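For the sequence shown, my numbering assigns the number 293 to the initial residue and increments by one for each residue that follows.
First the structure, in the form of structure tokens, and then the observations on it.
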Amino acid sequence: MQKPYKIPVSVLVVIYTPDLQVLLMERADHPGYWQSVTGSQEPGETLRETVQREVQEETGLSAEQLELTDCKQQNTYEIYPEWRHRYAPGVTTNTEHVWRLKLPAALPISLAQQEHLRYVWRPYQAAAQQCFSPSNAAAILQLPQWVEPH
């Protein structure tokens, strides 16, 4: 039985600390590709519910108990050819909604082993350089303008 196709609407969640350390995870299906939490919306979910589910699944963290903010930013991009089979025939673009999640400190993460191999905490500039996704890197580089001085 074929899995249902993914909805071409996703969330990108930049998880960071007050001193702008950023969580990155290495993809299990593409070693060397580092990213923030990402995931596709499921039928009937709000974007906030998608964020909360993806953060829980990928990190073990409970987003609703932390400082979660919708950045009110969208990116539409071409789906990488190696992942297009997950979407309905003819779907080639995805709309990504950017969120940020502030933690009090760099916390230990419980990775979803089927999705990620390992994680690191990096200063935001280094994290942006390490990301494979241009939209992910751009969202990380916006952290200083989103975050109030501490």
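For glycine and all other residues, C-beta sits at the position ideal for the given N, C-alpha and C.
Model, not experiment: these values are computed from the prediction.
Between the alpha carbons of leucine 316 and glutamate 388 lies a gap of roughly 18 Å. Proximity of the stretch 309–323 to the stretch 397–415 meets the contact definition, three or more beta-carbon pairs being nearer than 8 Å. Per DSSP, the continuous beta strand (DSSP E) segment holding arginine 319 begins and ends at 313–319. Using a C-beta cut-off of 8 Å, the stretch 341–348 makes no contact with the stretch 416–433, since fewer than three inter-stretch Cβ pairs fall below that distance.
Across the set Trp326, Tyr297, Thr330, Glu334, the C-alpha of Thr330 shows the shortest separation from the C-alpha of arginine 392.
Secondary structure of tyrosine 325 (DSSP, three-state): coil.
The beta-carbon separation of valine 306 and leucine 435, rounded to 7 Å, stays under the 8 Å limit for a contact.
Valine 439 and histidine 322 have their C-alpha atoms roughly 31 Å apart.
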